[in-house]
Amino acid sequence: MRKKQSAGGPGIREVAKAAGVSVATASRVMAKADYPVAAETRQRVLDAARELNFVPNALARGLVRSKTDTIGVIVPGIINPYYAAMVEAIDREARSHGLTTLLALTDGSEARREEIIDELVSRRVDGLIVCAGADDHRPGRGPEALSVPVVLIGEQPNLGFPIVLTDNQKAGFEATQYLWSLGHRHFVYLTSLASWHDFHQRGQGMMAFLKGVHEKAEAEICDGLFGEADAYQRVAAMCAAGLSATAILASTDRHALGALAALADAGIKVPSQVSVMGFDDYITSGFIRPALTTMQMPAADMGRQAVKALVGHLDAPAQIETIQLHAVLIERSSTSIAQNRGPA
1 MRKKQSAGGP GIREVAKAAG VSVATASRVM AKADYPVAAE TRQRVLDAAR ELNFVPNALA
61 RGLVRSKTDT IGVIVPGIIN PYYAAMVEAI DREARSHGLT TLLALTDGSE ARREEIIDEL
121 VSRRVDGLIV CAGADDHRPG RGPEALSVPV VLIGEQPNLG FPIVLTDNQK AGFEATQYLW
181 SLGHRHFVYL TSLASWHDFH QRGQGMMAFL KGVHEKAEAE ICDGLFGEAD AYQRVAAMCA
241 AGLSATAILA STDRHALGAL AALADAGIKV PSQVSVMGFD DYITSGFIRP ALTTMQMPAA
301 DMGRQAVKAL VGHLDAPAQI ETIQLHAVLI ERSSTSIAQN RGPA
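If you're matching positions, the sequence shown starts at 1 in full-length UniProt numbering and goes up one per residue.
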């Protein structure tokens with residue numbers, strides 16, 4: 001009959017004592033099935049563990065074999081559906097490789113990010129995935145200064161780490177090309193701070209397309225926006241002053257949602273008077289009315305690819321690679337052929 005486990009559970013010392021072996025021997029037998037020890041000794045340890053209802057501690061097993069089967073995941077936040085989808089994909093992919101994830105949020109703070117890196121490394125994670133948004137939002141130390149492998153998501157290349165990213169400049173180019181094909185020649189681009197690399201690159205793609213066309217085009221850049229409320233206020237002010245643009249391209253669906261609300265409140269019809277388009281393709285973007293046309297950014301696929309890249313570096317150093325994914329146009333009902341119009 002098995003003994004009942006105490007509140008804290010029996011430890012490896014109790015197992016070793018019951019089996020009549022050293023703590024080190026008991027630890028190694030429980031941690032490694034192929035540990036070289038006499039069959040009789042192994043059986044005594046296993047019998048003692050079973051009688052005591054001993055549950056091996058994952059960290060203790062990790063100390064023996066120098067691995068904890070745990071990876072740290074660092075993101076700015078998870079309120080943003082983009083990061084939420086990415087984190088979920090990371091966790092699912094990690095579990096398929098027998099890994100557990102430890103999630104930590106930086107709230108956009110560089111100092112906080114460095115503290116988190118130290119904390120996760122001290123917890124003996126096998127590796128780190130750092131999801132970043134701003135172009136200076138990366139580990140302040142190079143790979144040689146960190147004791148664990150690191151993979152970055154959404155960063156600039158040539159930082160010395162494996163990187164998984166989306167070609168944001170190409171996405172911005174293709175979004176503008178699509179709106180141009182509908183006859184739009186006057187654009188507004190809603191974006192965040194210039195330091196947010198992804199958003200900046202999308203804007204660069206927009207300007208690259210417009211510079212390459214042989215017709216007159218206008219583009220007004222509205223930056224410094226942090227979410228729906230900021231986008232709403234800026235677009236509402238444009239409407240009050242007389243909006244002449246026929247297309248609003250938002251660097252994220254959050255900005256696009258704010259723009260849609262401001263246009264509706266100003267009595268401007270979407271898409272017959274103004275087309276609105278975003279980036280990311282949040283789960284809600286297809287359910288608002290009008291449903292939002294957007295560039296679908298592969299957040300989940302980026303998460304999966306990051307885990308695969310990290311797993312490739314856990315057992316042995318691998319070549320530093322940049323994995324570049326691509327956005328996909330999702331055409332819905334918030335965009336249409338441009339109507340020639342002056343100020344609203």
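All C-beta atoms, glycine included, are put in the ideal place defined by N, C-alpha and C.
Residues bridged to residue i [DSSP beta-bridge criterion]
| i | result |
| --- | --- |
| residue 280 | 296 |
| residue 180 | In the DSSP output, where bridge partners are listed per residue, residue 180 has none listed. |
| residue 104 | 74 |
| residue 166 | 325 |
| residue 275 | 247 |
| residue 218 | 186 |
| residue 128 | 72, 150 |
| residue 330 | 294 |
Burial state of residue i (16 or more Cβ within 10 Å)
| i | result |
| --- | --- |
| residue 73 | buried |
| residue 226 | exposed |
| residue 284 | exposed |
| residue 258 | buried |
| residue 168 | buried |
| residue 10 | buried |
| residue 253 | buried |
| residue 27 | buried |
| residue 331 | exposed |
| residue 255 | buried |
| residue 210 | buried |
| residue 117 | buried |
| residue 12 | buried |
| residue 47 | exposed |
| residue 42 | buried |
| residue 327 | buried |
| residue 87 | buried |
| residue 21 | buried |
| residue 241 | exposed |
| residue 40 | exposed |
Proximity below 8 Å, CB of residue i to CB of residue j
| i | j | result |
| --- | --- | --- |
| residue 171 | residue 287 | no |
| residue 325 | residue 302 | yes |
| residue 352 | residue 89 | Here the chain has residues from 1 to 344 only, and residue 352 is not among them. |
| residue 154 | residue 223 | no |
| residue 99 | residue 71 | yes |
| residue 192 | residue 251 | yes |
| residue 173 | residue 132 | no |
| residue 19 | residue 44 | yes |
| residue 320 | residue 160 | yes |
| residue 235 | residue 93 | no |
Residue-level contact to chain B via CB, residue i, 8 Å cutoff
| i | result |
| --- | --- |
| residue 326 | Annotation note: the requested chain B is absent from the structure, which comprises a single protein chain. |
Expected contact under 8 Å - CB spacing of residue i and residue j to nearest Å
| i | j | result |
| --- | --- | --- |
| residue 334 | residue 179 | Actually they do not touch by this definition, with Cβ atoms about 11 Å apart. |
| residue 249 | residue 175 | 6 Å |
| residue 120 | residue 146 | About 10 Å separates the two Cβ atoms, so there is no contact after all. |
| residue 25 | residue 15 | Wrong, their Cβ atoms sit about 10 Å apart, outside the cutoff. |
| residue 162 | residue 151 | 5 Å |
| residue 232 | residue 261 | 5 Å |
| residue 300 | residue 183 | Not quite, the Cβ-Cβ distance comes to about 34 Å (not below 8 Å), so this is no contact. |
Query raised in the report: Is the segment 179-187 touching the segment 212-225 in the sense that three or more CB pairs, one from each, lie closer than 8 Å?
Result: yes
Requested in this report: Decide if the segment 310-326 is in contact with the segment 119-132; the criterion is three or more beta carbon pairs, one per stretch, under 8 Å apart.
Outcome: yes
Query - Inter-stretch contact (C-beta, 8 Å, three-pair minimum) for the segment 257-274 and the segment 197-209 - result: no
Query raised in the report: Can at least three beta-carbon pairs, one atom from the segment 82-94 and one from the segment 108-117, be found at a separation below 8 Å?
Result: no
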